[in-house]
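Below is one structure, written out as C-alpha cells; comments come after it.
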Amino acid sequence: MKIGVFDSGLGGLMIARAIHDHLPDYDLVYLGDTLHLPYGRRSKETVYRLTKQAVTYLFEAQNCQIVILACNTASASALRRLQQTWLAETYPDRRVLGVVVPTLEKAIALGHTRIGLIATENTVQSGVYEEELHKINPDIKLEASATPLLVPMIENGGLKYVRPVLEDYLAPLKDKKVESLILGCTHYCRLSEEIKDIMGAGVELISQAEITPPSLADYLHRHPEHNDKLSKRGQVDFLVTDLTDGYAQSANSAFGRPADLQLVSYNI
Ligand code: DGL
43 MKIGVFDSGL GGLMIARAIH DHLPDYDLVY LGDTLHLPYG RRSKETVYRL
93 TKQAVTYLFE AQNCQIVILA CNTASASALR RLQQTWLAET YPDRRVLGVV
143 VPTLEKAIAL GHTRIGLIAT ENTVQSGVYE EELHKINPDI KLEASATPLL
193 VPMIENGGLK YVRPVLEDYL APLKDKKVES LILGCTHYCR LSEEIKDIMG
243 AGVELISQAE ITPPSLADYL HRHPEHNDKL SKRGQVDFLV TDLTDGYAQS
293 ANSAFGRPAD LQLVSYNI
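In terms of this note's numbering, the sequence shown is residues 43 to 310.
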C-alpha cells in the first residue's frame with residue numbers, strides 16, 4: 043500500500059518532493075485536483091466534498107493506506123469532519139493526516155509568542171489555526187492574514203508582479219512584530235525568498251516542505267501498524283484531474299526533476 047499526498051493543485055509537489063527526499067524508499071502517489079483549483083475561495087462544503095472524493099479515490103483506486111492533506115485549505119475545511127465521522131465509519135483502518143497541527147508544533151517549539159500566518163481566505167476564515175493553537179498553548183498569539191491574490195498570481199505566471207502585493211499583505215504582520223511566519227498554503231513555498239526578504243532576517247519562516255517529512259517519519263515510527271503495510275520500492279506517481287502543457291512544465295519545476303503527470307478522473 044502507498045502514501046497519498048493530496049493538494050488542490052501542484053504546489054504540494056514541493057512537499058511531495060521533500061517527503062520523497064526524506065523517505066526515499068516509500069511509494070508515493072501525488073494527486074493534484076487541478077480541475078477544481080483554486081480551493082481557497084470555495085465554500086467549506088465544496089472543499090469538504092472535493093476532498094472526500096479525492097481521498098476516496100486514493101484509498102480505492104490507488105491503494106493508499108495513509109493520505110496526507112498537504113493542502114491547508116482542505117486540512118482546514120475538511121480534515122476534522124473526515125476524521126471524526128466518515129473515516130471512522132468507512133475506512134477505520136486507514137488514516138488521513140493534515141498539516142495544521144505539525145506546523146503549529148514547529149512554531150511553538152521555536153519558543154515564539156507572536157506567530158504570523160498567511161493563507162487562503164478559506165483557511166484564515168476557518169479559524170482552525172487559532173483553535174488548534176489555543177488547545178496547545180493559549181498564551182501564544184496568532185496574527186493571521188488572508189492573501190487571496192497569491193495563488194492566482196503564482197498559477198498564472200505572475201511572479202514578476204508579486205512583490206508589491208506581498209509587501210502590502212505582509213505590512214500588518216511586520217507592524218505586529220511577529221517572530222515567525224507560517225507559510226500556510228502549499229503554493230507559498232515558491233515565494234519564500236521574497237517573503238524572507240520583506241519580513242527581514244529576524245523573522246523565521248515556517249515552511250511545510252521542511253516540517254511535513256520529519257513529522258510523517260515520526261508518525262510512521264510511532265505507528266508500525268500502518269508503516270508495516272506500506273510498500274517500499276521508491277516509486278512516485280503523479281496524478282492530476284486536468285492536464286495542460288503549463289501544468290506539465292510547472293510540475294517539473296515544483297518537483298525539481300521530471301514529474302510525469304497522468305490525467306485521472308473519478309466520480310465518487
Ligand atoms: N493548496 C492550497 C492550500 O495549501 C491553496 C491553493 C488553492 O486555493 O487551491 O491552501
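Note that CB positions come from ideal geometry on N, CA and C, so glycine has one too.
Remember, it's a predicted structure, so these values are computed and weren't measured experimentally.
Per DSSP, the bridge partner or partners of L121: According to DSSP, L121 bridges with nothing at all.
Given a threshold of 16 other Cβ atoms within 10 Å of its Cβ, counted over all protein chains shown, does A103 qualify as buried or as exposed? exposed
**Study point:** Closest by C-alpha distance to L73, when choosing among R299, A293, P300, G298
**Key:** A293
Under 6 angstroms: does the beta carbon of G53 sit that close to some heavy atom of the ligand DGL?
yes
Verify the contact flag: P190, CB atom, against every heavy atom of the ligand DGL, threshold strictly below 6 angstroms. no
Taking H265 as the reference, give the member of L124, S85, V97, D135 with the closest Cα. D135
Review point. Buried or exposed: where does I178 fall if 16 or more other Cβ atoms within 10 Å of its Cβ makes it buried?
Key: exposed
**Prompt:** What residues in its chain sit with their C-beta under 8 angstroms from that of H229, if we drop five residues either side in the sequence?
**Reply:** G51, G53, L192, V193, I196, E197
- request: Run the proximity test for P134: is its beta-carbon closer than 6 angstroms to any non-hydrogen atom belonging to the ligand DGL?
  value: no
Identify the residues that DSSP records as bridge partners of V97: which are they?
BP columns for V97 are empty, so no partner.
- Message: Here's the rule I'm using: 16 or more other beta-carbon atoms within 10 Å means buried, otherwise exposed. How should P80 be labelled?
- Response: buried
Delimiting residues of the beta strand (DSSP E) encompassing L139: 137 to 139
* Asked: DSSP three-state call for S292: helix, strand or coil?
  -> helix
Does the distance from the CB of I45 to the CB of K148 come in under 7 angstroms?
no
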